[in-house]
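Numbering (our numbering), first residue to last: 1 to 490.
The following block contains the structure:
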């Protein structure tokens, strides 16, 4: 059977889009209610902050392992297993009144980050080439819109003093719907590529990511010049170096060393990190700005619900519209062009709100540009990554991209929190200039993304294939054999 003859369920793409939306929803819904959780559980803000930090650390450790597990053992069983774990975490969070158990629940929910690379792998396995780019764009675009939708639902569920447990019941419901859809639509194929899982490499990589992300998440509490912060960052560099040595020596590494030396792959992930920065700068900066009381000279005295529904929802809806357009742009002009366009559009949005932010429409318009840019960027990156990796490396390669975005989000959170807490008005609120600096950082980051993509990625058609005829035939034979095994459920 040729690639063009592949047949997939007509609801596979929307089912995977909803499944991937769980990732963004779970990442953001808890943030607006951290203060409510602290009051309900009689816990300090730093203690409650671990519900976010633990989730992020679990995601960093689990995502590459889960991506590779899907490559080796098959996407469907791993995807369904993740959804079951996430459902268990959501149920525990909805029932518990204990902070340690809530943190445990958030660790279980951290497995959700593995859903995105698995979803991209399923699309690559099941769809013909002419539909793949658009499908990846739609599914990837839900990462940019899920967070905005989650914030609106959080505002609705917790308005007028609503119990914060409601957001976890919502998480459970969405996860169960995704579980049913995935069970019905994802085909029961066997392992995608076979092979072994590099548990040692995965463990060392996870340790390095924890040592990197922990100080980024806790630096504002520990102090950026504290021995703990500096020690963790230095240790992360050492552990990453050790990981590279390990990956070069094992027979079946978690991430092929050739990928780490692949310039387009690494440039795409660098852009992913910067887009991750932009998304969280926008979310944290705009949310805080519009909720500031107008009496201080800026802000609009918005409630959590108003901040979500009035200021962030239009951008989220724009992301829904832009995602399929991004797929068409990738198909017509290539991922490089689309990623550059996304970065420039987002930079314009950040520059606009850095200069103009005295009226509500200005913030709404700026967020619309930024969210559209994020959606375009998410549409472009999977296509660029898939072009650089073998089918049996699709899951782990997209896991690396997910990690890059997570590191970017953590970095943005650290920078924004530090900015907003370092320059305060006499009444204890951040100065307007702190928000302006945050928006400028978003603009600079996306401009840098456009530059490195323009310089670092080859133009379509400009790459010279250096493989020999024998190597091309061997790779073609391997690809056809893998496809035949997949079609026959082996």
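Note that CB positions come from ideal geometry on N, CA and C, so glycine has one too.
Residues near residue i by beta carbon distance below 6 Å, same chain, minus five either side
{"i": "residue 5", "result": "At residue 5, the pLDDT of 48 sits below 50, so the modelled position is not reliable; the number obtained from the coordinates is stated separately. The answer is none, since no qualifying residue turns up."}
{"i": "residue 9", "result": "185"}
{"i": "residue 262", "result": "388"}
{"i": "residue 307", "result": "287, 290, 291"}
{"i": "residue 280", "result": "409, 412, 413"}
{"i": "residue 96", "result": "102"}
{"i": "residue 366", "result": "349, 352, 353"}
{"i": "residue 112", "result": "22, 23, 26, 86"}
{"i": "residue 418", "result": "220"}
{"i": "residue 575", "result": "Past the edges of the chain, shown from 1 to 490, lies residue 575, and the structure says nothing about it."}
{"i": "residue 460", "result": "334"}
Per DSSP, the bridge partner or partners of residue i
{"i": "residue 430", "result": "424"}
Range of the contiguous alpha helix (DSSP H) that encloses residue i
{"i": "residue 224", "result": "Where residue 224 is concerned, there is no enclosing alpha helix (DSSP H), given that its DSSP letter is neither H nor E."}
{"i": "residue 268", "result": "263–291"}
{"i": "residue 182", "result": "165–185"}
{"i": "residue 378", "result": "360–386"}
{"i": "residue 27", "result": "12–28"}
{"i": "residue 42", "result": "Looking at the DSSP string, residue 42 is not in any alpha helix (DSSP H), and its letter there is neither H nor E."}
{"i": "residue 259", "result": "257–260"}
{"i": "residue 302", "result": "Note, residue 302: premise wrong, no alpha helix (DSSP H); not H, not E."}
{"i": "residue 95", "result": "75–95"}
{"i": "residue 33", "result": "It is not in any alpha helix (DSSP H) - residue 33 carries neither H nor E in the DSSP assignment."}
{"i": "residue 125", "result": "115–126"}
{"i": "residue 335", "result": "335–355"}
{"i": "residue 197", "result": "Counting along the chain, residue 197 falls outside any alpha helix (DSSP H), and DSSP gives it neither H nor E."}
{"i": "residue 106", "result": "99–109"}
Buried/exposed call for residue i, threshold 16 Cβ in 10 Å
{"i": "residue 154", "result": "buried"}
{"i": "residue 137", "result": "buried"}
{"i": "residue 294", "result": "exposed"}
{"i": "residue 253", "result": "buried"}
{"i": "residue 68", "result": "buried"}
{"i": "residue 236", "result": "buried"}
{"i": "residue 11", "result": "exposed"}
{"i": "residue 464", "result": "For residue 464, the predicted structure reports a pLDDT of 49, less than 50, and the residue's modelled location is therefore unreliable. The matter cannot be settled from this model."}
{"i": "residue 231", "result": "exposed"}
{"i": "residue 92", "result": "buried"}
{"i": "residue 282", "result": "buried"}
{"i": "residue 16", "result": "buried"}
{"i": "residue 42", "result": "exposed"}
{"i": "residue 336", "result": "buried"}
{"i": "residue 50", "result": "buried"}
{"i": "residue 160", "result": "exposed"}
{"i": "residue 198", "result": "buried"}
{"i": "residue 106", "result": "buried"}
{"i": "residue 355", "result": "exposed"}
{"i": "residue 359", "result": "exposed"}
{"i": "residue 405", "result": "buried"}
{"i": "residue 32", "result": "buried"}
{"i": "residue 223", "result": "exposed"}
{"i": "residue 425", "result": "exposed"}
Inter-residue CB distance, residue i and residue j (contact presumed, cutoff 8 Å)
{"i": "residue 141", "j": "residue 323", "result": "3 Å"}
{"i": "residue 428", "j": "residue 312", "result": "Rounded, the Cβ-Cβ distance is 25 Å, inconsistent with contact."}
{"i": "residue 179", "j": "residue 26", "result": "Not really, about 14 Å apart at Cβ, beyond 8 Å."}
{"i": "residue 209", "j": "residue 58", "result": "Going by Cβ atoms, the distance from residue 209 to residue 58 rounds to 10 Å, so no, they are not a contact pair."}
{"i": "residue 267", "j": "residue 452", "result": "6 Å"}
{"i": "residue 327", "j": "residue 89", "result": "Going by Cβ atoms, the distance from residue 327 to residue 89 rounds to 32 Å, so no, they are not a contact pair."}
{"i": "residue 383", "j": "residue 330", "result": "5 Å"}
{"i": "residue 195", "j": "residue 72", "result": "5 Å"}
{"i": "residue 157", "j": "residue 172", "result": "No, residue 157 and residue 172 are not in contact; Cβ-Cβ is about 13 Å, not under 8 Å."}
{"i": "residue 316", "j": "residue 342", "result": "Contact flag wrong, Cβ pair sits at about 16 Å."}
{"i": "residue 368", "j": "residue 338", "result": "Incorrect: roughly 18 Å between the Cβ atoms, too far for contact."}
{"i": "residue 177", "j": "residue 211", "result": "About 36 Å; that fails the 8 Å criterion."}
Other residues of its chain near residue i: CB distance less than 7 Å, five sequence neighbours each side excluded
{"i": "residue 372", "result": "318, 319, 322, 345"}
{"i": "residue 410", "result": "56, 213, 216, 217"}
{"i": "residue 432", "result": "297, 298"}
{"i": "residue 21", "result": "142, 146"}
{"i": "residue 165", "result": "94"}
{"i": "residue 247", "result": "201, 253, 254, 255, 257"}
{"i": "residue 116", "result": "20, 23, 143, 398, 402"}
{"i": "residue 456", "result": "263, 267"}
{"i": "residue 469", "result": "The predicted model places residue 469 with a pLDDT of 45, which falls under 50 and marks its position as unreliable; any figure quoted below should be read in that light. Once the five neighbours on either side are set aside, residue 469 has no close Cβ partner at all."}
{"i": "residue 219", "result": "229, 414"}
{"i": "residue 132", "result": "123, 124"}
{"i": "residue 386", "result": "124, 394"}
Own chain partners of residue i with C-beta closer than 8 Å, once the 5 adjacent residues on each side are dropped
{"i": "residue 183", "result": "80"}
{"i": "residue 458", "result": "264, 336"}
Residue i Cβ short of 6 Å to the ligand FAD heavy atom set
{"i": "residue 71", "result": "Among the components of this structure there are no ligands whatsoever, and the ligand FAD is therefore not found."}
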